[in-house]
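If you want the numbering used here, it's the position in the sequence shown, counting the first as 1, plus 1444. The structure appears right after this line, and notes come after that.
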Amino acid sequence: MILHLKDVLELMEEIAPHNISEAWDNPGLQVGAQDQVIKKIYFALDPTLENLQKAISCGADLLFTHHPLIFRPISHINPEEYPGHVIEKAIKNGISIVCMHTNLDAALNGINTILAELLSLRDVEVLKESETIKGVGIGRIGNLKQAIKLLDFINLLKKTLFVEKLKVVCNETD
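This is the structure in structure tokens:
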């Protein structure tokens, strides 16, 4: 079976429909043609020049990111600055760029749901429900098995997300 970019986009539309994304967001196809054959996909958080180079190096046809390359309409493309240099290099190397941002966060089994599950939250609810699809939306809120101190929760997050540092803003010192 030959996989085209349009097939990837259709599958992602089933998983994380565009209409559940936030109004300010720009998920979906950023660079590329829907009839492009996709044999290898490189996944990254951001569509940076570094991640594009990694996609090129591994022979990927598609750079699939969480964050968009283009958030707002752009008035010009300058290959010496972001996002122009990423767009130019992607086109020159035949690599498409697709992102799924707040729609993947909000999806039924999307990022927000997965984070709630990883933290073993109970009584989970959607923080801001979608106006178009019931049961999905941005954010999840729930309860831990038992109350814990803020520092313990920060350490739980770091361990769960495999990160060394987190920025926390609060009044609590204990």
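Every residue gets a Cβ at the ideal spot worked out from N, C-alpha and C, and that includes glycine. The structure displayed is predicted, hence computed values, not measured ones.
- Query: For Ser1574, which option in Glu1454, Lys1536 and Leu1548 has the closest C-alpha, if you only look at C-alpha atoms?
  - Reply: Leu1548
- Message: Can you list, in chain order, the residues of its chain with a C-beta nearer than 8 Å to that of Trp1468? Leave out the 5 residues immediately preceding and following it.
- Response: So the list reads Phe1515, once near-sequence residues are dropped.
- Task: Name, in chain order, the residues that DSSP records as bridge partners for His1448.
- Result: Val1481
- Query: Since Lys1572 is in the beta strand (DSSP E), which residue starts that stretch and which ends it?
  - Reply: Arg1566 to Glu1573
- Query: To the nearest angstrom, how far is it from the Cα of Ile1518 to the Cα of Pro1527?
  - Reply: 9 Å
- Just reading off the beta strand (DSSP E) that Gly1472 is part of, what are its end residues? For Gly1472, the enclosing beta strand (DSSP E) begins and ends at Gly1472 to Val1475.
- Apart from the five residues on each side of it in sequence, which residues of its chain come closer than 6 Å, Cβ to Cβ, to Leu1565? Gly1586
- 9 Å Cβ cutoff met for Gln1480 and Leu1449: yes
- Task: Could you check what DSSP says for Ile1459 in three-state terms: helix, strand or coil?
- Result: helix
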